[in-house]
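Chemist: Residue numbers (this note's numbering), protein chains in the order written: chain D, 8 to 204; chain L, 8 to 204.
Built from N, CA and C at the ideal position, the CB exists for glycine as well.
Remember, it's a predicted structure, so these values are computed and weren't measured experimentally.
My structure is below; once you've seen it, I'll send some questions.
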DNA sequence: TAGATAGTGAACGCGACGTTCACTAAATGC
DNA sequence: GCATTTAGTGAACGTCGCGTTCACTATCTA
């Protein structure tokens with residue numbers, strides 16, 4: 008739902024309307040079935056206005072994802088209970104994947120070769136996640152429940168990577184049982200201080 | 008390179024030629040840019056012959072991947088050195104991803120929603136990998152270097168999943184350094200018998 | 001050797017792409 | 001407040017690949 012009969016919009020106003028329309032369309036029909044003309048129609052804009060701004064569907068969708076990302080930059084407060092915190096983070100990732108951004112990401116994989124463009128996009132999505140997971144780990148290190156070595160990027164990345172892998176290969180985000188299993192069988196054993204047996 | 012002027016092929020002969028052409032085309036232009044007409048041209052076949060056999064590009068490509076898979080069903084003999092064996096398996100996965108099958112897989116992700124079709128395809132790719140990794144683990148369990156709990160599917164799946172994740176998100180298979188890091192920081196610590204410190 | 005079967009290649013309508021253009025609404029300057 | 005510039009609209013256009021159809025022909029079978 009955008010505004011109602013605002014005459015003729017221009018500039019940022021119009022741009023926002025188009026990006027919103029893109030997100031809605033993405034959520035409804037998915038990346039593969041996204042038609043530029045549908046986005047234009049939904050935004051009540053001319054196709055030319057879209058092409059003036061973005062050269063291709065991929066660019067448009069990436070802009071929309073970025074736009075969306077800028078909105079939901081919520082803070083995360085680690086509780087110190089590492090397992091519970093990670094579960095929260097992972098559920099948040101699942102929710103993100105269930106929305107239009109998830110569709111966008113899946114779409115990109117198809118066209119993503121080894122370009123700087125792709126790297127930029129990946130960083131943009133990964134970096135905030137890594138920061139959050141690292142925070143959680145740090146809280147755990149502080150209270151002695153997590154090994155300091157867990158801060159290695161590959162390990163910090165592990166839970167998010169597995170979430171993404173599930174999402175990309177199954178077409179839907181990991182359900183709670185899977186999240187639990189990932190935590191109990193993989194992540195927690197790796198990061199917790201080895202209890203002297 | 009297919010055969011030379013075999014008059015007019017039919018049946019399995021023709022089918023093989025088309026699948027070969029699909030694989031070549033896939034390797035050259037990738038899934039996203041695969042044109043049915045190019046495949047037909049390369050196979051010196053009519054489009055109708057393709058559509059008679061496979062209803063869509065996705066089906067054609069899946070058939071080609073299966074065809075290819077049927078060729079390279081090599082046996083794997085675990086040496087007992089778990090780390091070395093896993094490294095070999097992972098390098099093999101990387102090589103697989105670098106070829107036309109990799110392109111095919113990436114392509115499917117875009118259209119893969121939560122359907123039985125998708126599940127079938129995933130199984131087809133995952134199952135052999137899991138068998139191999141499980142064999143490696145079993146050899147390790149037998150000689151006491153691997154914990155029996157490592158046979159949990161989620162853990163057996165771990166290395167292949169991370170390979171796939173890298174491939175899908177970077178557009179190219181994981182290089183050797185990444186494989187080493189995955190092994191040393193993630194997989195090996197998780198599966199090896201905890202040494203009493 | 002005749003009939004049945006299977007492949008060819010050209011043509012078709014379709015839908016979406018990405019572009020262009022005459023027209024018009026909003027912003028700007030005087 | 002009127003004239004000019006800037007930006008968006010919407011319809012039309014050529015192009016491309018899709019998936020289908022059809023008249024023709026090569027191969028197989030009996």
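Skipping 5 residues on each side, what residues in its chain have a beta carbon closer than 8 angstroms to that of residue 178 (chain D)?
Modeler: So the qualifying residues of the chain are 113.
Chemist: Alpha carbons only, please: which of L:166, L:27, L:86, L:76 is nearest the one belonging to residue 149 (chain L)?
Modeler: The shortest Cα separation from residue 149 (chain L) among L:166, L:27, L:86, L:76 belongs to L:86.
Chemist: Name the chain D residues whose beta carbon is nearer than 8 angstroms to that of residue 121 (chain L)?
Modeler: Within chain D, the residues near residue 121 (chain L) are 177, 178, 179.
Chemist: Quick one: does residue 155 (chain D) have its CB under 8 angstroms from some CB of chain L?
Modeler: No, its Cβ sits nowhere closer than 8 angstroms to a Cβ of chain L.
Chemist: Using a beta-carbon distance below 8 angstroms, is residue 43 (chain D) in contact with chain L?
Modeler: For residue 43 (chain D), the answer is no, since every Cβ of chain L falls outside 8 angstroms of its Cβ.
Chemist: How many angstroms separate the CA atom of residue 109 (chain L) from the CA atom of residue 16 (chain D)?
Modeler: Going from the Cα of residue 109 (chain L) to the Cα of residue 16 (chain D) covers about 45 angstroms.
Chemist: Could you give the first and the last residue of the continuous alpha helix (DSSP H) run that contains residue 105 (chain L)?
Modeler: It spans 89 to 105 - the alpha helix (DSSP H) in which residue 105 (chain L) sits, taken as one unbroken run.
Chemist: Taking 8 angstroms as the CB-CB limit, is residue 9 (chain L) close to chain D?
Modeler: Low confidence applies here, because residue 9 (chain L) scores a pLDDT of 36, under 50, leaving its location unreliable; read the following figure in that light. No, its Cβ sits nowhere closer than 8 angstroms to a Cβ of chain D.
Chemist: Could you give the DSSP three-state label for residue 152 (chain L): helix, strand or coil?
Modeler: Looking at residue 152 (chain L) - three-state DSSP - the assignment turns out to be coil, as it is neither helix nor strand.
Chemist: Hey, would you say residue 57 (chain D) sits closer than 8 angstroms to residue 47 (chain D), going by beta carbons?
Modeler: For residue 57 (chain D) and residue 47 (chain D), yes; Cβs fall inside 8 angstroms.
Chemist: Excluding the 5 residues flanking residue 203 (chain D) on each side, which residues of the same chain have their C-beta closer than 6 angstroms to its C-beta?
Modeler: Because the pLDDT of residue 203 (chain D) is 49, which lies under 50, any placement of that residue in the model is unreliable, and the question is left without a value.
Chemist: Specify, as a first and last residue, the run of the alpha helix (DSSP H) that residue 198 (chain L) falls within.
Modeler: It spans 195 to 198 - the alpha helix (DSSP H) in which residue 198 (chain L) sits, taken as one unbroken run.
Chemist: Could you check the C-alpha separation between residue 165 (chain L) and residue 52 (chain D) for me, to the nearest Å?
Modeler: Looking at the two C-alpha atoms, the distance is approximately 47 angstroms.
Chemist: Taking the C-alpha atoms as reference points, what is the distance between residue 180 (chain D) and residue 37 (chain D)?
Modeler: About 15 angstroms.
Chemist: Report buried or exposed for residue 172 (chain D), applying the criterion of at least 16 other Cβ atoms within 10 angstroms of its Cβ.
Modeler: Flag for residue 172 (chain D) reads buried.
Chemist: Under 7 angstroms Cβ-Cβ, which residues of chain L neighbour residue 85 (chain D)?
Modeler: In chain order: nothing, as chain L lies at least about 22 angstroms away.
Chemist: Please list, in chain order, all residues of the same chain as residue 163 (chain D) whose beta carbon is under 8 angstroms from its beta carbon, the five residues on each side excluded.
Modeler: Cβ within range, chain order: 137, 140, 141, 144, 157.
Chemist: For a quick check, are the C-beta atoms of residue 193 (chain D) and residue 197 (chain L) less than 8 angstroms apart?
Modeler: In this structure, residue 197 (chain L) lies closer than 8 angstroms to residue 193 (chain D) by Cβ.
Chemist: Runs of 4 residues minimum, wholly inside the segment 29 to 58 of chain L: which ones carry the alpha helix (DSSP H) assignment?
Modeler: The qualifying runs are 43 to 49.
Chemist: How should residue 92 (chain L) be labelled, buried or exposed, when 16 other C-beta atoms within 10 angstroms of its C-beta is the threshold for buried?
Modeler: The residue in question, residue 92 (chain L), is buried, as its Cβ has 16 or more Cβ neighbours within 10 Å.
Chemist: Shorter than 8 angstroms from the beta carbon of residue 198 (chain D) to some beta carbon of chain L?
Modeler: No, because no Cβ of chain L sits closer than 8 angstroms to the Cβ of residue 198 (chain D).
Chemist: Residue 195 (chain L) to residue 187 (chain L), Cα distance in whole Å?
Modeler: Spanning the two alpha carbons is a distance of roughly 10 angstroms.
Chemist: Which residues in the same chain have their Cβ closer than 6 angstroms to the Cβ of residue 5 (chain L), if we skip the five residues on either side of it in sequence?
Modeler: Missing from the structure shown is residue 5 (chain L); chain L here goes from 8 to 204 and no further.
Chemist: Output the distance between the C-alpha atoms of residue 117 (chain D) and residue 29 (chain L), rounded to the nearest integer angstrom.
Modeler: Cα-Cα distance, rounded: 17 angstroms.
Chemist: In this structure, how does DSSP classify residue 109 (chain L) when only helix, strand and coil are distinguished?
Modeler: Helix.
Chemist: My assumption, with CB atoms under 8 angstroms, is that residue 96 (chain D) sits in contact with residue 153 (chain D). Please give the rounded CB distance.
Modeler: Their Cβ separation, rounded to whole angstroms, is 14 angstroms, which puts residue 96 (chain D) and residue 153 (chain D) out of contact at 8 angstroms.
Chemist: Determine the direct distance from the alpha carbon of residue 155 (chain L) to that of residue 35 (chain L), and round the result to whole angstroms.
Modeler: If I take the Cα positions, the gap works out to 44 angstroms.
Chemist: From residue 167 (chain L) to residue 100 (chain L), what does the alpha carbon distance come to, in whole angstroms?
Modeler: One C-alpha to the other measures close to 8 angstroms.
Chemist: Select from L:64, L:23, L:24, L:21 the residue whose C-alpha is nearest the C-alpha of residue 40 (chain L).
Modeler: With distances taken between Cα atoms, residue 40 (chain L) lies closest to L:64.
Chemist: May I have a chain-ordered list of the beta strand (DSSP E) segments no shorter than 3 residues that lie completely inside the segment 140 to 191 of chain D?
Modeler: Listed in chain order, there is nothing to give.
Chemist: Give a yes or no on whether the minimum CB-CB distance between residue 171 (chain L) and chain D is below 8 angstroms.
Modeler: It does; some Cβ of chain D falls within 8 angstroms.
Chemist: Could you check if residue 77 (chain D) is buried or exposed, using at least 16 other CB atoms within 10 Å of its CB as the buried criterion?
Modeler: The residue is exposed, with fewer than 16 neighbouring Cβ atoms inside 10 Å.
Chemist: Residue 69 (chain D): buried (16+ other C-beta within 10 angstroms of its C-beta) or exposed?
Modeler: Buried, by the Cβ-count rule.
Chemist: Do residue 43 (chain L) and residue 161 (chain D) have their beta-carbon atoms positioned less than 8 angstroms apart in this structure?
Modeler: Contact: no.
Chemist: For residue 131 (chain D), count the other beta carbons within 10 Å of its own beta carbon; 16 or more makes it buried, fewer makes it exposed. Which is it?
Modeler: Per the 10 Å Cβ criterion, exposed.
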